[in-house]
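Sequence lines, in order, name chains Y and Z.
Here the first sequence stands for residues 1 to 252, numbered as in full-length UniProt numbering.
Here the second sequence stands for residues 1 to 252, numbered as in full-length UniProt numbering.
For every residue, glycine included, the Cβ atom is placed at its ideal position computed from N, Cα and C.
Note that the coordinates shown come from a computational prediction; the quantities given were computed from them, not determined experimentally.
Just below is one structure, and these are the notes that go with it.
Number of protein chains: 2
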Amino acid sequence: MKAVCLISGGMDSSTLAYVAKDMGYDILALHTVYGQRTEEKELMCAKKIAKSLDALEFMEISLSHLTQFGGSSLTDYSMNVLDHTDEKGDEKRKNSQEKTQTGAGNEESFGSHTISGTISTTIPNTYVPFRNSNLLSIATSYAETRGAEAIFIGVQASDYAGYPDCRPEFVEAFQKVISLGTSDETNIRLMTPFVNLNKTEILKKGLKLGVPYEDTWSCYKSNHPACGRCDSCYYRLKAFEEIGVKDPIDYA
Amino acid sequence: MKAVCLISGGMDSSTLAYVAKDMGYDILALHTVYGQRTEEKELMCAKKIAKSLDALEFMEISLSHLTQFGGSSLTDYSMNVLDHTDEKGDEKRKNSQEKTQTGAGNEESFGSHTISGTISTTIPNTYVPFRNSNLLSIATSYAETRGAEAIFIGVQASDYAGYPDCRPEFVEAFQKVISLGTSDETNIRLMTPFVNLNKTEILKKGLKLGVPYEDTWSCYKSNHPACGRCDSCYYRLKAFEEIGVKDPIDYA
Numbered sequence: 001m002k003a004v005c006l007i008s009g010g011m012d013s014s015t016l017a018y019v020a021k022d023m024g025y026d027i028l029a030l031h032t033v034y035g036q037r038t039e040e041k042e043l044m045c046a047k048k049i050a051k052s053l054d055a056l057e058f059m060e061i062s063l064s065h066l067t068q069f070g071g072s073s074l075t076d077y078s079m080n081v082l083d084h085t086d087e088k089g090d091e092k093r094k095n096s097q098e099k100t101q102t103g104a105g106n107e108e109s110f111g112s113h114t115i116s117g118t119i120s121t122t123i124p125n126t127y128v129p130f131r132n133s134n135l136l137s138i139a140t141s142y143a144e145t146r147g148a149e150a151i152f153i154g155v156q157a158s159d160y161a162g163y164p165d166c167r168p169e170f171v172e173a174f175q176k177v178i179s180l181g182t183s184d185e186t187n188i189r190l191m192t193p194f195v196n197l198n199k200t201e202i203l204k205k206g207l208k209l210g211v212p213y214e215d216t217w218s219c220y221k222s223n224h225p226a227c228g229r230c231d232s233c234y235y236r237l238k239a240f241e242e243i244g245v246k247d248p249i250d251y252a
Numbered sequence: 001m002k003a004v005c006l007i008s009g010g011m012d013s014s015t016l017a018y019v020a021k022d023m024g025y026d027i028l029a030l031h032t033v034y035g036q037r038t039e040e041k042e043l044m045c046a047k048k049i050a051k052s053l054d055a056l057e058f059m060e061i062s063l064s065h066l067t068q069f070g071g072s073s074l075t076d077y078s079m080n081v082l083d084h085t086d087e088k089g090d091e092k093r094k095n096s097q098e099k100t101q102t103g104a105g106n107e108e109s110f111g112s113h114t115i116s117g118t119i120s121t122t123i124p125n126t127y128v129p130f131r132n133s134n135l136l137s138i139a140t141s142y143a144e145t146r147g148a149e150a151i152f153i154g155v156q157a158s159d160y161a162g163y164p165d166c167r168p169e170f171v172e173a174f175q176k177v178i179s180l181g182t183s184d185e186t187n188i189r190l191m192t193p194f195v196n197l198n199k200t201e202i203l204k205k206g207l208k209l210g211v212p213y214e215d216t217w218s219c220y221k222s223n224h225p226a227c228g229r230c231d232s233c234y235y236r237l238k239a240f241e242e243i244g245v246k247d248p249i250d251y252a
């Protein structure tokens, strides 16, 4: 029984892979790089987690086209990753819009056209447009070629508010796409055991399963030490604090 | 009014882009390379078509991860692309299975595990697993960052039999994924005007719109001249023959 596990190297996806293993699956680790600032560190962590789970394979995939399109501060280095406490909502929105209008500049110049974008002004500028659908499509291609029966993805409750492609309805709709878009002999189930858990509940589960959190990385901004201030650091630290355990990684 | 058009450089997608332009859309051309044998030729054709339509942008995207997974004769050069008339069904099936079991070998060696695959034994070995979902995910990311209102993809009737991700139900399910997975202000429609047409009907439409078919490429096997024998050449030639027009490209 094989499962493709999307392992970013963060605490959620690492815990998720431990849950999959605990359920009896052999792990096919799928790690994607897409030009994010902390790419190198995340890759290292994902590999350590996969090794610790005796994964069947470690597949590293580049989604650099998401960088080509631009529009997210995670991949567009001319945009700022804002601190969690940053209240300059207007600047956040302005950032999103401005960069969308120009793109990230990797595309070939084609005539003298000016292109204006209309991406949302309310979702966080760390949103990589339609990322989860890209991830799940790749995971499904991988699962189909390897005869895996499940795909584990760590979407979870606290992301709903900001990222449209983390909603449970999105996951359900994608399950239908998988069922219809793969060969009829294939039966791949999309597994999202964390969809209704918050980060603290996930961490509690992970500590019970012995996840080596020293080998996970969450910071959006820096490879070492973690900034401690971006959204991702904020929620990670909050979860450790709520459980009363010290986060084993270094913070600035 | 902008539309992302997936332009492979083949006759269907080129005709489709002309249809989109005819409907009043400005074209954002999206061309993907994924290690297929005729990559270079298709890129050249797609660029010519985009130029002839005064496209706003030409975006070339690599989906090389589909090559990493293996499992299709279009990207795995150790497998044969069979001639249309080839009746060795058993060999076709054997080809599919064997290569799936080993993968394409790009992945990092990870332990000493042996992985066996169970991909379909009845769909053609030119099938790239779940390719259309990967294409549509990318197209949607692109559309969202550019504020496009539509995505045109050339799925069509005669492909249903073989490729599961060309079915109309698949397209409908993906439309739902788009609606749920993009920001609420975004409204992107998936357009498949060819879904119920056959190749001859598409060609008739294209000739009326003045599509320069000398700048399109269909052959699965060769960059020049076209082999005239693979499935793709066979159906193209049949369409031209049925209309009684000479195909302007060279055949072996």
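Asn134 of chain Z CB to nearest chain Y CB: under 8 Å? Residue 134 of chain Z sits at position 134 when you count from the first residue of the second sequence. So, interface residue.
Give a yes or no on whether the C-beta atoms belonging to Leu6 of chain Y and Gly154 of chain Y are separated by under 8 Å. Here residue 6 of chain Y is taken as the residue at index 6 of the first sequence, counted from 1. Here residue 154 of chain Y is taken as the residue at index 154 of the first sequence, counted from 1. A distance below 8 Å separates the beta carbons of Leu6 of chain Y and Gly154 of chain Y.
Please confirm if the stretch 205-218 of chain Y is in contact with the stretch 162-172 of chain Y, defined as three or more CB-CB distances below 8 Å between the two stretches. no
Using a Cβ-Cβ cutoff of 8 Å, what residues of the stretch 163-176 of chain Y are near chain Z? List them in chain order. Pro164, Asp165, Arg167, Glu169, Phe170, Ala173, Phe174 and Lys176
Under the DSSP definition of a beta bridge, which residues are partnered with Arg189 of chain Z? As a first step, residue 189 of chain Z is located in the second sequence; it is residue number 189 there, counting from the start. Paired residue(s): Z:Ala150.
Quick check on this structure: which residue in Z:Gln156, Z:Asp83, Z:Asp54 and Z:Ile249 has the alpha carbon closest to the alpha carbon of Asn198 of chain Z? Walking along the second sequence from the start, residue 198 of chain Z turns up at place 198. When only C-alpha atoms are compared, the closest one is Z:Gln156.
When the Cα atoms are used, what is the spatial distance from Ser179 of chain Z to Ser133 of chain Z? On the second sequence, residue 179 of chain Z is found 179 positions in, with the first residue counted as 1. On the second sequence, residue 133 of chain Z is found 133 positions in, with the first residue counted as 1. C-alpha separation (whole angstroms): 15 Å.
Residue from Y:Ser183, Y:Glu172, Y:Glu241 and Y:Asp22 whose Cα sits closest to the Cα of Tyr163 of chain Z: Locating residue 163 of chain Z in the second sequence gives position 163, counting from the first residue. It is Y:Ser183.
Name the DSSP beta bridge partners of Phe170 of chain Y, please? Position 170 of the first sequence, counted from the start, is the residue given in the question as residue 170 of chain Y. By DSSP's assignment, Phe170 of chain Y forms no beta bridge with any residue.
Is Glu87 of chain Y close to chain Z? Criterion is C-beta to C-beta, closer than 8 Å. For the purposes of this step, residue 87 of chain Y is taken as residue 87 along the first sequence, with counting starting at 1. A caution first: Glu87 of chain Y carries a pLDDT of 46, below 50, which makes its placement in the model unreliable, though a value can still be read off. Interface criterion not met: the Cβ of Glu87 of chain Y is under 8 Å from no Cβ in chain Z.
Which word fits Ser19 of chain Z, buried or exposed, when buried means at least 16 other C-beta atoms lie within 10 angstroms of its C-beta? On the second sequence, residue 19 of chain Z is found 19 positions in, with the first residue counted as 1. A small fix is needed here, since residue 19 of chain Z is Val in this sequence, not Ser. With 16 or more other Cβ atoms within 10 Å, it is buried.
With a threshold of 6 Å on Cβ separation, who are the neighbours of Ala143 of chain Z within its own chain once the five nearest residues in sequence on each side are excluded? Translated into the one-based positions of the second sequence, residue 143 of chain Z becomes position 143. Hits under 6 Å: Val4, Ile151 and Ile188.
Is there a C-beta anywhere in chain Z that falls below 8 Å from the one on Gln68 of chain Y? In the first sequence, counting from the first residue as 1, residue 68 of chain Y sits at position 68. For Gln68 of chain Y, the closest Cβ of chain Z is nearer than 8 Å.
Would you say His31 of chain Y faces chain Z, with C-beta separation under 8 Å as the test? For the purposes of this step, residue 31 of chain Y is identified with residue 31 of the first sequence, where counting begins at 1. At a cut-off of 8 Å between beta-carbon atoms, His31 of chain Y makes no contact with chain Z.
Put Thr216 of chain Y into one of helix, strand or coil per three-state DSSP. To locate residue 216 of chain Y, count along the first sequence from 1; it is residue 216. Reduced to three states, the DSSP call for Thr216 of chain Y is coil.
Pick from Y:Leu43, Y:Lys41, Y:Ile27 and Y:Arg131 that is closest to Leu66 of chain Y, judged by C-alpha positions: By one-based count along the first sequence, residue 66 of chain Y stands at place 66. Of the listed residues, the one whose Cα sits closest to Leu66 of chain Y is Y:Arg131.
In terms of alpha-carbon separation, which member of Z:Met1, Z:Gly10 and Z:Lys2 lies closest to Cys219 of chain Z? Within the second sequence, residue 219 of chain Z is the residue found at index 219, counting from 1. Checking every option, the nearest Cα to that of Cys219 of chain Z belongs to Z:Gly10.
Helix or strand or just coil, what does DSSP make of His31 of chain Z? As a first step, residue 31 of chain Z must be located in the second sequence, where it is residue number 31. DSSP places His31 of chain Z in strand when its eight states are reduced to three.
Neighbourhood of Pro193 of chain Z by C-beta distance below 8 Å, restricted to the same chain and skipping five residues each side: Counting from one through the second sequence, the residue named residue 193 of chain Z turns up at place 193. Answer for Pro193 of chain Z: Leu16, Val19 and Phe152, listed in chain order.
Residue range of the beta strand (DSSP E) that includes Leu6 of chain Z: Indexing the second sequence from 1 puts residue 6 of chain Z at position 6. First-last of the beta strand (DSSP E) with Leu6 of chain Z: Lys2 to Leu6.
Answer with yes or no whether the minimum CB distance from Glu214 of chain Y to chain B is below 8 Å. Absent from the structure: chain B. Protein chains present are Y and Z.
So, Lys51 of chain Z versus Leu28 of chain Z, is the Cβ gap smaller than 8 Å? Here residue 51 of chain Z is taken as the residue at index 51 of the second sequence, counted from 1. Here residue 28 of chain Z is taken as the residue at index 28 of the second sequence, counted from 1. Against a cut-off of 8 Å, the Cβ pair of Leu28 of chain Z and Lys51 of chain Z comes out as no contact.
How far does the beta strand (DSSP E) with Met59 of chain Y in it extend, from its first residue to its last? The count along the first sequence starts at 1 and reaches residue 59 of chain Y at position 59. Note, Met59 of chain Y: beta strand (DSSP E), Glu57 to Ser62.
Just checking: is the beta-carbon of Leu237 of chain Y within a distance shorter than 8 Å of some beta-carbon in chain Z? As a position in the first sequence, residue 237 of chain Y is number 237, starting the count at 1. So no, Leu237 of chain Y is outside the interface.
Suppose you measure from the CA of Ala139 of chain Z to the CA of His224 of chain Z; what does that come to, to the nearest Å? Here residue 139 of chain Z corresponds to residue number 139 of the second sequence, with the count starting at 1. Here residue 224 of chain Z corresponds to residue number 224 of the second sequence, with the count starting at 1. Near 29 Å, if we compare the C-alpha coordinates of His224 of chain Z and Ala139 of chain Z.
What's the C-alpha gap between Lys94 of chain Z and Thr145 of chain Y? What you label residue 94 of chain Z is simply residue 94 of the second sequence in a count that begins at 1. What you label residue 145 of chain Y is simply residue 145 of the first sequence in a count that begins at 1. Residue confidence is low: Lys94 of chain Z scores 38 on pLDDT, short of 50, so the model does not pin down where it sits. No coordinate-derived value is stated.
Using only the alpha-carbon positions, how far apart do Gly228 of chain Y and Ser13 of chain Y sit? Here residue 228 of chain Y is taken as the residue at index 228 of the first sequence, counted from 1. Here residue 13 of chain Y is taken as the residue at index 13 of the first sequence, counted from 1. Each residue's Cα considered, the two are about 19 Å apart.
Going by Cα to Cα distance, which pick from Y:Val245, Y:Tyr213, Y:Tyr251 and Y:Ile202 is closest to Lys221 of chain Y? Locating residue 221 of chain Y in the first sequence gives position 221, counting from the first residue. Minimum Cα-Cα distance from Lys221 of chain Y among the listed residues Y:Val245, Y:Tyr213, Y:Tyr251 and Y:Ile202 corresponds to Y:Tyr251.
Please report how far the alpha carbon of Phe174 of chain Y lies from the alpha carbon of Lys246 of chain Z, in whole angstroms. In the first sequence, residue 174 of chain Y corresponds to position 174, counting from 1. In the second sequence, residue 246 of chain Z corresponds to position 246, counting from 1. Using only the alpha carbons, I get a separation of about 43 Å.
Buried/exposed call for Met23 of chain Y, threshold 16 Cβ in 10 Å: For this step, residue 23 of chain Y is matched to residue 23 along the first sequence. Answer is exposed; the Cβ neighbour count stays below 16.
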